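Residue numbers (our numbering): 1365 to 1754. By construction, the Cβ of each residue, glycine as well, lies at the ideal position given by its N, Cα and C atoms. Given the structure is predicted, the values throughout are model-derived calculations rather than measurements.
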C-alpha cells in the first residue's frame, strides 16, 4: 500500500522517504467555486500532487546522499493535475487519506528503525493551519468527513516527535529531513471549537537524549499562506528541487565534493523567493549540526548579475566575464546591454570591458569569488576611465 520503491539489495545506510501530496479534498468545493465557513473557506487545490510527484521524481532519479531503500507515496491528485501529468492517475495505488497516512507512517518508521546511519525524508504538500506557534496541523484528503473537525488531519509535531530514538527504537535513523509545503495561517474556523484535538499518528514514548539532526523547513513563515500554482508544481517544490540541484556553497576540504546541507537549502530557497518577489521566506526549525542531504560532484551553477556604468561607453563596446583562468564564460553575450544576468559555476570571476571611450582597453576588474547566487549586481563604474564624449 503506497510502497512504490523497495530496494532490498542496498547494503549499509540508505534513505527511507514518505511523500504526500493532497489536492483533491473530498469535502471541499472545486477551485474557483465559492467556499464557506462550513468548509473553512478552503477549496480543492491543483498543485500539491504535482509538487509531490516532482519531489518524488528528483529523489528517485537524481538521488540523495545515500541510496534509496524505501519510498512511500500518497497522492490525491485533482483531475486538472492528471490532465497535465497523466502519470498521476496511477502513480500510487493509495490515496492520501488519514487512515493511509497512519499506516504508511508506521511502516516508514519501522523501516527506518534498523540503522542509525540511515536517513529519512518527509515531504507534505496540501492544506494546513496552525493552532499556535510551532503547532502546525496538516489536512488530508478526507478532511471534514467526521464531526470532529481535525479528525482527518495530523500534527507535524507529533509525526516528528514519534521519529525520535527511544528504548524500543534505539537504532532509528538519526538524520531526518522534513519539508512542509502548506499554509501556516490560523484558520478563523478554529475559534469555533474548544481545544480541537488531532488524533496522533504516533504514541510518543519517553526518550533519552535526542541526538537527531532533523531540520524542518516550512514553505512560508508563521501566519502566512503557501504559494501554490494552478496546474503546476508549487514555488516551494520548484525552489526545493533547484536547491537540491544547486544549493551548495563551498567544497569539502577532504573530498572536494560540494555538500548540500539544511542551511544551504534554506539560503537557496530564500534566494528563489526573493528573486521571484514572492513576498515571504521559508522557515526552518529544529536544526542541529549541519546535516548533508546530498553531495554535488563539482561546483554548482549560480545566478549572478553584472552592471557596468555609465551606459554610454562608446562604440564598439563588448562586455564579458572571465573565469579564474581568464577564459571567457560561455554563453555570456549581453550585446549592447550594460546590465545583465548570467548563470556561472561557483568560482572566481572578473569582468572585461572593451569600449570605444576607454582610455585603455581592455578594462579588467579585480577577481571576485562567487560561491552562492546573488541578487545585488556586481557593479563597475568606469566613468573615470573614459574619454570625454565628442
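query	result
At 3 residues or longer, what runs of the beta strand (DSSP E) sit wholly inside the segment 1536-1608?	1539-1545, 1580-1582
Determine, using beta-carbon pairs with one atom in the segment 1501-1517 and one in the segment 1446-1454, whether at least three such pairs fall under 8 Å.	no
Please name the residue or residues paired with residue 1718 in a DSSP beta bridge.	1682
Note the first and the last residue of the continuous beta strand (DSSP E) segment covering residue 1446.	Unbroken run through residue 1446 is the alpha helix (DSSP H), 1443-1448; no beta strand (DSSP E).
Helix, strand or coil for residue 1630 per DSSP?	helix
What do you reckon, are the CB atoms on residue 1544 and residue 1488 nearer than 8 Å?	yes
Of the choices 1400, 1670, 1519, whose alpha-carbon is the least far from that of residue 1568?	1519
Under the three-state reduction of DSSP, which class applies to residue 1367: helix, strand or coil?	strand
Going by C-alpha distance, which of 1677, 1429, 1423, 1386 is nearest residue 1377?	1429
Between the Cα of residue 1763 and those of 1368, 1440, 1463, spot the shortest distance and give me the residue it belongs to.	Past the boundaries of the shown model lies residue 1763; the chain is included only from 1365 to 1754, so the question cannot be answered.
Please name the residue or residues paired with residue 1675 in a DSSP beta bridge.	Its beta-bridge partners do not exist; DSSP assigns none.
Report buried or exposed for residue 1672, applying the criterion of at least 16 other Cβ atoms within 10 angstroms of its Cβ.	buried
Using 10 angstroms around the beta-carbon of residue 1557, count the other beta-carbons present and answer buried if the total reaches 16, otherwise exposed.	exposed
Mind checking which residues open and close the beta strand (DSSP E) that includes residue 1735?	Counting along the chain, residue 1735 falls outside any beta strand (DSSP E), and DSSP gives it neither H nor E.
Excluding the five sequence neighbours on either side, which residues of its own chain have a C-beta within less than 6 Å of the C-beta of residue 1565, listed in chain order?	1466, 1469, 1518, 1522, 1523
According to DSSP, residue 1703 sits in a beta bridge with which residue or residues?	1671
Select from 1653, 1742, 1437, 1537 the residue whose C-alpha is nearest the C-alpha of residue 1731.	1742
Per the contact definition of three or more C-beta pairs closer than 8 Å, is the segment 1696-1705 in contact with the segment 1650-1666?	no
Whose C-beta lies closer than 6 Å to the C-beta of residue 1577 among residues of the same chain, with five residues either side of it excluded?	1539, 1652, 1653, 1655
For residue 1402, name the three-state secondary structure that DSSP assigns.	helix
Quick one: grab the DSSP three-state call for residue 1522.	helix
So, do the segment 1713-1727 and the segment 1603-1612 have three or more beta carbon pairs nearer to each other than 8 Å?	no
Can you tell me the Cα-Cα spacing of residue 1700 and residue 1681, whole angstroms?	7 Å
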